[in-house]
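Please read the structure below before turning to the comments.
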Amino acid sequence: MTLNIAIIGAGIAGITAARTLANAGHHVQVFEKSRGPGGRMSTRESNFGTFDHGAQYFTVRDPRFSLALQAVPGTTDICRPWSANAVRVLDPLGHVFEAARASKEAHFVAKPGMNALVRHWAEPLGKAIHNNTQITRLERGTKGLWTLHTGDHKFTGFDHVLLAIPSVQAVNLLKASGKDAADAHWLKAMNAVEVAPCWTMMVAFPNATQPNLHIGPQWNAARSIHHRIAWLARESSKPGRGKVERWTVQASAAWSAEHINDTDARVQAKLLRAFAELTGIRAEPAHTQVHRWLYAKTITPLGVSHQYNPANGLGTCGDWHLGHRVEDAFVSGLELALAVCQSAKRL
Ligand code: FAD
26 MTLNIAIIGA
36 GIAGITAART
46 LANAGHHVQV
56 FEKSRGPGGR
66 MSTRESNFGT
76 FDHGAQYFTV
86 RDPRFSLALQ
96 AVPGTTDICR
106 PWSANAVRVL
116 DPLGHVFEAA
126 RASKEAHFVA
136 KPGMNALVRH
146 WAEPLGKAIH
156 NNTQITRLER
166 GTKGLWTLHT
176 GDHKFTGFDH
186 VLLAIPSVQA
196 VNLLKASGKD
206 AADAHWLKAM
216 NAVEVAPCWT
226 MMVAFPNATQ
236 PNLHIGPQWN
246 AARSIHHRIA
256 WLARESSKPG
266 RGKVERWTVQ
276 ASAAWSAEHI
286 NDTDARVQAK
296 LLRAFAELTG
306 IRAEPAHTQV
316 HRWLYAKTIT
326 PLGVSHQYNP
336 ANGLGTCGDW
346 HLGHRVEDAF
356 VSGLELALAV
366 CQSAKRL
């Protein structure tokens with residue numbers, strides 16, 4: 026049986042599910058609240074070049090993810106290895122106390138920015154993707170078909186609705202949709218999922234643009250045990266990016282949670298000070314911006330790849346089912362779509 030399927034969320038989980046279901050012959054529409062696909066694989070533009078202010082890179086362990094990266098036309102041109110496996114671990118004064126470990130695992134980035142992979146995979150879906158469309162409520166009609174509400178608009182006639190959004194947002198949407206959607210078992214399990222926030226800072230130093238002139242350290246990526254900063258990476262070291270010296274800095278989960286309601290200006294001042302301590306770069310950046318991710322990194326996952334109820338047509342997917350990595354989101358979206366395909370064959 027061919028199904029009419031709505032997918033909420035155009036991150037890698039939602040787009041993977043959408044492509045799989047469309048390739049199996051189902052009618053798919055994707056609803057995304059922001060300006061375009063990508064989700065937390067996101068790229069921020071600035072006058073000095075781009076920043077990957079969400080996911081920094083991805084790794085590939087599941088053969089199905091590897092196959093998709095190889096087999097979807099054009100993807101191998103977009104995804105490139107990046108030498109983040111030479112990551113150092115820094116003490117709070119910026120000293121390397123654990124030397125670079127040569128990991129055998131390749132680290133990949135999409136070029137020209139991390140959002141390019143999902144945008145490329147979303148292209149064949151064309152007008153089936155509704156950007157700038159935040160779904161606020163679901164409603165099940167008498168014939169069992171779902172309607173999606175945005176507040177001032179509605180989309181009707183869906184056999185299935187798949188939520189490919191962060192766990193807290195999925196819980197809120199299911200609760201806002203009344204008893205037909207708010208399955209008590211699902212909500213109990215989803216409430217046990219823990220996700221940490223992350224303050225992210227982006228800085229650019231356009232005066233250091235001559236070839237091979239770096240200001241600060243000679244390494245390009247580091248983890249740190251500084252209480253404010255957990256990760257720093259030189260954006261300009263990634264393939265396909267501009268040469269202007271640019272850094273993306275991620276605050277630790279604990280510090281981000283502690284400062285979750287601070288103003289941008291206060292967070293920026295504190296992270297800039299910690300950045301200078303770790304890198305020795307004390308020059309004033311020409312560009313500084315911070316971004317607060319409320320749902321950045323899964324701490325406690327759901328423990329199953331997806332949830333799906335063929336009886337009412339609801340499903341959930343996303344990284345938080347399995348872990349905190351891009352690949353977890355891909356696997357979750359794929360396995361939910363395959364479960365829907367199996368069920369549709371039996372109808
Ligand atoms: P998302 O990418 O969050 O997609 C969900 C989409 O749903 C979003 O586009 C959102 O706008 C949309 N949405 C939400 N609610 C609604 C609604 N009601 N209506 C319509 N649309 C809605 N992973 C790695 O592998 N390596 C890393 O180095 C790494 N670093 C990270 C650093 C940071 C700061 C962050 C935030 C994440 C990082 N991750 C990393 C995690 C990785 O980005 C995620 O695991 C992955 O992108 C999640 O994909 P997803 O499709 O499950 O969810």
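Numbering (the numbering used here), first residue to last: 26 to 372. Every residue gets a Cβ at the ideal spot worked out from N, C-alpha and C, and that includes glycine. Being a predicted model, the structure only gives us computed values, none of them experimental.
- prompt: Quick one: does the C-beta of residue 82 sit closer than 7 angstroms to a heavy atom of the ligand PLP?
  reply: The ligand PLP is not part of the structure shown, which contains the ligand FAD as its ligands.
- prompt: Using the rule of at least 16 other Cβ atoms within 10 Å of the residue's Cβ for burial, across every protein chain shown, is residue 252 buried or exposed?
  reply: Along the sequence shown, read from residue 1 onward, the residue named residue 252 stands at position 227. Looking at its Cβ environment, which holds fewer than 16 other Cβ atoms inside 10 Å, residue 252 is exposed.
- prompt: Of the residues 316, 282, 269 and 281, which one's Cα is nearest the Cα of residue 289?
  reply: On the sequence shown, residue 289 is found 264 positions in, with the first residue counted as 1. Ranking the options by Cα distance to residue 289, first place goes to 316.
query: Got a sec, what are the start and stop residues for the beta strand (DSSP E) residue 249 sits in?
result: Stepping through the sequence shown from its first residue, residue 249 is reached at position 224. Segment 246-249, the beta strand (DSSP E) holding residue 249.
message: Counting beta carbon pairs with one atom in the stretch 305-322 and one in the stretch 49-57, are three or more of them shorter than 8 angstroms?
response: no
- prompt: Rounded to a whole number of angstroms, what is the C-alpha to C-alpha distance between residue 78 and residue 222?
  reply: Within the sequence shown, residue 78 is the residue found at index 53, counting from 1. Within the sequence shown, residue 222 is the residue found at index 197, counting from 1. Rounded to whole angstroms, residue 78 to residue 222 spans 13 angstroms at the Cα level.
query: Apart from the five residues on each side of it in sequence, which residues of its chain come closer than 7 angstroms, Cβ to Cβ, to residue 21?
result: The chain is shown from 26 up to 372; residue 21 falls before or after that span and cannot be answered.
message: Under 7 angstroms: does the beta carbon of residue 349 sit that close to some heavy atom of the ligand FAD?
response: Position 324 of the sequence shown holds residue 349. Indeed, a heavy atom of the ligand FAD lies less than 7 angstroms from the Cβ.
- prompt: In its own chain, which residues sit with a C-beta less than 7 angstroms from the C-beta of residue 295, not counting the 5 before and 5 after it?
  reply: By one-based count along the sequence shown, residue 295 stands at place 270. For residue 295, where only same-chain residues beyond five positions count, the Cβ hits under 7 angstroms are 253.
- request: Please indicate yes or no: does the CB of residue 203 lie closer than 7 angstroms to some heavy atom of the ligand FAD?
  value: On the sequence shown, residue 203 is found 178 positions in, with the first residue counted as 1. Checking the Cβ of residue 203 against the ligand FAD gives no.
- request: Examine chain B for any beta-carbon lying closer than 8 angstroms to the beta-carbon of residue 273, and answer yes or no.
  value: Any reference to chain B falls outside this structure, which holds one protein chain only.
query: Going by the CB atoms, is the gap between residue 32 and residue 187 shorter than 8 angstroms?
result: The residue given as residue 187 occupies position 162 in the sequence shown. The residue given as residue 32 occupies position 7 in the sequence shown. Yes; because the gap between Cβ atoms is below 8 angstroms, this pair is in contact.
message: If the criterion is Cβ atoms closer than 8 angstroms, does the pair residue 207 and residue 213 meet it?
response: Counting from 1 along the sequence shown, the entry for residue 207 is found at position 182. Counting from 1 along the sequence shown, the entry for residue 213 is found at position 188. Going by C-beta atoms, residue 207 is not nearer than 8 angstroms to residue 213.
field: Bridge partner(s) assigned by DSSP for residue 254
entry: Counted from its first residue, the sequence shown places residue 254 at position 229. Looking at the DSSP assignment, residue 254 forms a beta bridge with 276.
task: From the DSSP output, in three-state form, read off residue 155 for me.
output: Translated into the one-based positions of the sequence shown, residue 155 becomes position 130. The answer is strand: DSSP assigns residue 155 an E or B state.
Whole-Å CB distance - residue 356 paired with residue 87, under 8 angstroms assumed: Sequence index remark: in the sequence shown, residue 356 carries index 331 (1-based). Sequence index remark: in the sequence shown, residue 87 carries index 62 (1-based). Confirmed, Cβ separation roughly 6 angstroms.
field: Inter-residue CB distance, residue 292 and residue 284 (contact presumed, cutoff 8 angstroms)
entry: Start at 1 with the first residue of the sequence shown, and residue 292 comes out as number 267. Start at 1 with the first residue of the sequence shown, and residue 284 comes out as number 259. At roughly 6 angstroms, the Cβ-Cβ gap stays under 8 angstroms, so residue 292 and residue 284 are in contact.
query: In the structure shown, what three-state DSSP assignment does residue 137 receive?
result: The count along the sequence shown starts at 1 and reaches residue 137 at position 112. Note: residue 137 maps to coil in three-state DSSP.
- request: Rounded to whole angstroms, what's the CA-CA distance from residue 168 to residue 335? Just pull it up for me.
  value: Counting from 1 along the sequence shown, the entry for residue 168 is found at position 143. Counting from 1 along the sequence shown, the entry for residue 335 is found at position 310. About 15 angstroms.
query: CA-CA distance, residue 175 and residue 231?
result: The residue you call residue 175 lines up with position 150 of the sequence shown. The residue you call residue 231 lines up with position 206 of the sequence shown. Residue 175 and residue 231: Cα-Cα distance of roughly 42 angstroms.
task: Classify residue 181 as buried or exposed, calling it buried when 16 or more other Cβ atoms lie within 10 Å of its own Cβ.
output: Start at 1 with the first residue of the sequence shown, and residue 181 comes out as number 156. So residue 181 ends up on the exposed side.
message: Please tell me whether residue 155 and residue 269 are closer than 8 angstroms, where the distance is taken between their beta carbons.
response: In the sequence shown, the residue the question calls residue 155 occupies position 130. In the sequence shown, the residue the question calls residue 269 occupies position 244. For residue 155 and residue 269, no; Cβs fall outside 8 angstroms.
field: Given 8 angstroms, three or more beta-carbon pairs between the stretch 240-248 and the stretch 32-48
entry: no
task: Kindly examine the ligand FAD and report whether one of its heavy atoms sits closer than 7 angstroms to the Cβ of residue 164.
output: Counting from one through the sequence shown, the residue named residue 164 turns up at place 139. No, since every heavy atom of the ligand FAD falls outside the 7 angstroms radius drawn around the Cβ of residue 164.
message: the ligand FAD and residue 37: does the residue's C-beta get closer than 7 angstroms to at least one heavy atom of that ligand?
response: For the purposes of this step, residue 37 is taken as residue 12 along the sequence shown, with counting starting at 1. Because some heavy atom of the ligand FAD lies under 7 angstroms away, the Cβ of residue 37 counts as near it: yes.
message: So, for residue 261: in the same chain, excluding its five sequence neighbours on each side, which residues have a beta-carbon less than 8 angstroms away from its beta-carbon?
response: Start at 1 with the first residue of the sequence shown, and residue 261 comes out as number 236. The answer, listed in chain order, is 74, 267, 268, 269, 270 and 271.
- request: Ignore the nearest five residues each way along the sequence and tell me which others in residue 143's own chain have a CB closer than 6 angstroms to its CB.
  value: The count along the sequence shown starts at 1 and reaches residue 143 at position 118. Here the set comprises 37, 40, 62, 63 and 66.
- prompt: Where does residue 232 fall in DSSP's three states?
  reply: As a working mapping, residue 232 is identified with position 207 in the sequence shown. The answer is coil: DSSP assigns residue 232 none of H, G, I, E or B.
- prompt: Secondary structure at residue 240, three-state DSSP: helix, strand or coil?
  reply: For the purposes of this step, residue 240 is taken as the residue at position 215 of the sequence shown. In this structure, residue 240 counts as coil in the three-state DSSP scheme.
- request: Enumerate in chain order the residues of its own chain whose CB-to-CB distance from residue 353 is below 6 angstroms, with the five nearest sequence positions on each side excluded.
  value: Here residue 353 corresponds to residue number 328 of the sequence shown, with the count starting at 1. The answer, listed in chain order, is 344 and 347.
message: Taking the straight line between their C-alpha atoms, what separation do you get for residue 364 and residue 333?
response: Taking the sequence shown and counting its residues from 1, one reaches residue 364 at position 339. Taking the sequence shown and counting its residues from 1, one reaches residue 333 at position 308. Roughly 8 angstroms separates the two Cα atoms.
- prompt: According to the neighbour-count rule (16 or more other Cβ atoms, all chains shown, within 10 Å of its Cβ), is residue 263 buried or exposed?
  reply: Here residue 263 refers to the residue found at position 238 when the sequence shown is read from its first residue. When all chains shown are included, residue 263 counts as buried.
Cβ-based neighbour list, residue 301, same chain, cut-off 8 angstroms, excluding 5 preceding and 5 following: Indexing the sequence shown from 1 puts residue 301 at position 276. Once the five neighbours on either side are set aside, the close Cβ partners of residue 301 are 307.
query: Residue range of the alpha helix (DSSP H) that residue 106 falls in?
result: The count along the sequence shown starts at 1 and reaches residue 106 at position 81. Segment 104-107 is the beta strand (DSSP E) holding residue 106; no alpha helix (DSSP H) there.
field: Neighbour-count burial assignment, residue 10, 16 or more Cβ in a 10 Å radius
entry: This structure does not reach residue 10, given that the chain is present from 26 up to 372, and the question cannot be answered.
query: For the ligand FAD, is there a heavy atom less than 7 angstroms away from the beta-carbon of residue 200?
result: Here residue 200 refers to the residue found at position 175 when the sequence shown is read from its first residue. Every heavy atom of the ligand FAD is 7 angstroms or more from the Cβ of residue 200, so no.
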